[in-house]
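Colleague: I am attaching a structure below and will ask some questions about it afterwards.
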Amino acid sequence: MSDSAFKRSINDIFNYSDENNDGLLDFGELKLFFRHSNPKSTLKLEMEDSYWNPIFNSFDSNGDKKVNWSEAWAKLARPSQRVKAIPKAPEVPKPLPPQPQP
1132 MSDSAFKRSI NDIFNYSDEN NDGLLDFGEL KLFFRHSNPK STLKLEMEDS
1182 YWNPIFNSFD SNGDKKVNWS EAWAKLARPS QRVKAIPKAP EVPKPLPPQP
1232 QP
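The numbering used here applies: residue 1132 is where the sequence shown begins, and numbers increase by one.
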């Protein structure tokens, strides 16, 4: 994907995630942004805020509790950040297999 196509795609997802159409993503809308940007992701919107807070804060460079397009694109524009910026769900231990009954 070309850089311009990537930027258009991310901008479309940003705008789609902006539910109140104010041009900014709040905490919940940024979570939607990640869900929309990778629908196959194992990320869950219901994950603890302690997981999402560092992600949100890394995008909210001016600390106003909103992420504007410039902040989002500044985080995602660098090729080295493209993979890093899209968070992965934390590893969840697999359940133990059932134990045989005596």
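Every residue, glycine too, gets a C-beta built ideally from N, C-alpha and C.
1. Could you tell me the distance, in whole angstroms, from the CA atom of K1171 to the CA atom of I1144?
2. Identify, in the order they occur along the chain, each residue of the same chain with its Cβ nearer than 7 Å to the Cβ of F1190, setting aside the five sequence neighbours on each side.
3. Going by Cα to Cα distance, which pick from E1150, N1151, E1179 and S1168 is closest to K1138?
4. Compute the beta-carbon to beta-carbon distance between L1156 and F1164, rounded to the nearest angstrom, for a pair I have assumed lies under 8 Å.
5. Would you decide whether P1231 is buried or exposed? Buried here means 16 or more other CB atoms lie within 10 Å of its CB.
Modeller: Taking the geometry as given:
1. Numbered from 1 along the sequence shown, position 40 holds the residue referred to as residue 1171. Numbered from 1 along the sequence shown, position 13 holds the residue referred to as residue 1144. Between K1171 and I1144, the C-alpha separation is close to 15 Å.
2. In the sequence shown, residue 1190 corresponds to position 59, counting from 1. Correct list, in chain order: L1161, V1198, E1202, A1203 and K1206.
3. In the sequence shown, residue 1138 corresponds to position 7, counting from 1. Nearest option by C-alpha distance: S1168.
4. Taking the first residue of the sequence shown as 1, we reach residue 1156 at position 25. Taking the first residue of the sequence shown as 1, we reach residue 1164 at position 33. That belief holds up - the Cβ atoms of L1156 and F1164 are roughly 6 Å apart, short of 8 Å.
5. Walking along the sequence shown from the start, residue 1231 turns up at place 100. Exposed, by the Cβ-count rule.
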